[in-house]
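Everything on this sheet refers to the single structure shown next.
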Amino acid sequence: MTVSEDPTKLLVAKIFISSSVSQYLEIDERLEKSIGNVCITQNGHLAHRLGLERERTFVIGKHEYSSGKYKIRFVMNKKNSKFVMSFNIISKYTRIQQHEFELSKSSYGWYSDGDTCGGVELPSNKNKYSMESETTSEIEFLLDCDNQKIGYFNERTKNRREMKINLTKCPLPWKLLFYLYDVEDSVRLLSSKQLL
Numbered sequence: 001m002t003v004s005e006d007p008t009k010l011l012v013a014k015i016f017i018s019s020s021v022s023q024y025l026e027i028d029e030r031l032e033k034s035i036g037n038v039c040i041t042q043n044g045h046l047a048h049r050l051g052l053e054r055e056r057t058f059v060i061g062k063h064e065y066s067s068g069k070y071k072i073r074f075v076m077n078k079k080n081s082k083f084v085m086s087f088n089i090i091s092k093y094t095r096i097q098q099h100e101f102e103l104s105k106s107s108y109g110w111y112s113d114g115d116t117c118g119g120v121e122l123p124s125n126k127n128k129y130s131m132e133s134e135t136t137s138e139i140e141f142l143l144d145c146d147n148q149k150i151g152y153f154n155e156r157t158k159n160r161r162e163m164k165i166n167l168t169k170c171p172l173p174w175k176l177l178f179y180l181y182d183v184e185d186s187v188r189l190l191s192s193k194q195l196l
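Here it is, written out as structure tokens:
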């Protein structure tokens, strides 16, 4: 059997080379563990407070972040704007007990009233209260393991904030941690990416 090329027939009609290279890699962050009266549904993408009384509850993400940069988008919904929620990072090695865990001693992040949790912010912040009195906030949470810092972008206010992480207090790898207090408070993960 012989294979030969027919010069009158086109083998490949068009070749297209894309100059755009993907700037990110999708990761599948999920909410994996809860402490307190919380229900995790929708394949780990939604967590909401259950029960009839307010109490401290926590939800922890599944993914471990040890190097690189990540963007995690989520929506926090609060039943009542006068009570706070928070989004944070903790070390994988941190033990959490519902009534003994102190966010400010073991985690870094922000409360929904704009206060920081556990860290000192970097100087470029314009509006501390970008989430105060809001019941719904869409947040892009930025984790930069290589430069030991985290930040966020509030989709509504367009406000950005960031802080450095003390690796002695919060060693890598990091995990996501959400604090929910009021009945019906919830957090929904929208997307998660590793930046390349």
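Per this note's numbering, the sequence shown starts with residue 1, numbered consecutively. Backbone N, C-alpha and C define an ideal beta-carbon position, used for all residues, glycine too. Values in this document were obtained by computation on a predicted structure and should not be read as measured data.
Problem - Residue range of the beta strand (DSSP E) that includes Lys105 - result: That residue, Lys105, is in no beta strand (DSSP E); its alpha helix (DSSP H) goes Leu103 to Ser106.
Handout entry: Entirely enclosed beta strand (DSSP E) segments - the region 34-97, minimum 3 residues
Key = 38-41, 46-49, 57-61, 69-77 and 86-91
Problem - When Leu46, His63, Thr116 and Lys92 are compared against Pro171, the one with the closest alpha-carbon - result: Lys92
Handout entry: Coarse secondary structure for Lys164, derived from DSSP in three states
Key = strand
Practice task
To the nearest angstrom, report how far apart Leu196 and Ile72 are at their CA atoms.
Solution key: 14 Å
Practice task
Answer with buried or exposed for Lys105, where buried requires no fewer than 16 other C-beta atoms within 10 angstroms of its C-beta.
Solution key: exposed
Exercise for the section: Identify whether Val187 lies in helix, strand or coil by the three-state DSSP scheme. Expected result: strand
Exercise for the section: Return the CA-CA distance between Ile96 and Ser137, expressed in angstroms with no decimal places. Expected result: 25 Å
Handout entry: Assigned exposure category for Asp146 - 16 Cβ within 10 Å defines buried
Key = exposed
Handout entry: CB contact flag (Ser192, Tyr70, <8 Å)
Key = yes
Practice task
Rounded to whole angstroms, what's the CA-CA distance from Gly118 to Gln148? Just pull it up for me.
Solution key: 14 Å
Exercise for the section: Select from Ala47, Tyr65 and Gln23 the residue whose C-alpha is nearest the C-alpha of Phe58. Expected result: Ala47
Problem - Distance CB(Glu184)-CB(Lys79) smaller than 8 Å - result: yes
Exercise for the section: Spell out the partners DSSP gives Glu155 in its beta bridges. Expected result: Per DSSP, none; premise fails for Glu155.
Exercise for the section: Alpha carbon to alpha carbon, how far is Thr94 from Lys175? Give it in angstroms, no decimals. Expected result: 10 Å
Problem - When Glu134, Gly61 and Arg49 are compared against Pro173, the one with the closest alpha-carbon - result: Gly61
Exercise for the section: Check Asp146 in the structure and name its three-state DSSP category. Expected result: coil
Practice task
Let me know the secondary structure DSSP gives Tyr24 once reduced to three states.
Solution key: strand
Handout entry: Same chain, Cβ closer than 8 Å to Ile229, five either side skipped, listed in chain order
Key = Absent from the structure is residue 229, since the part of the chain shown begins at 1 and ends at 196.
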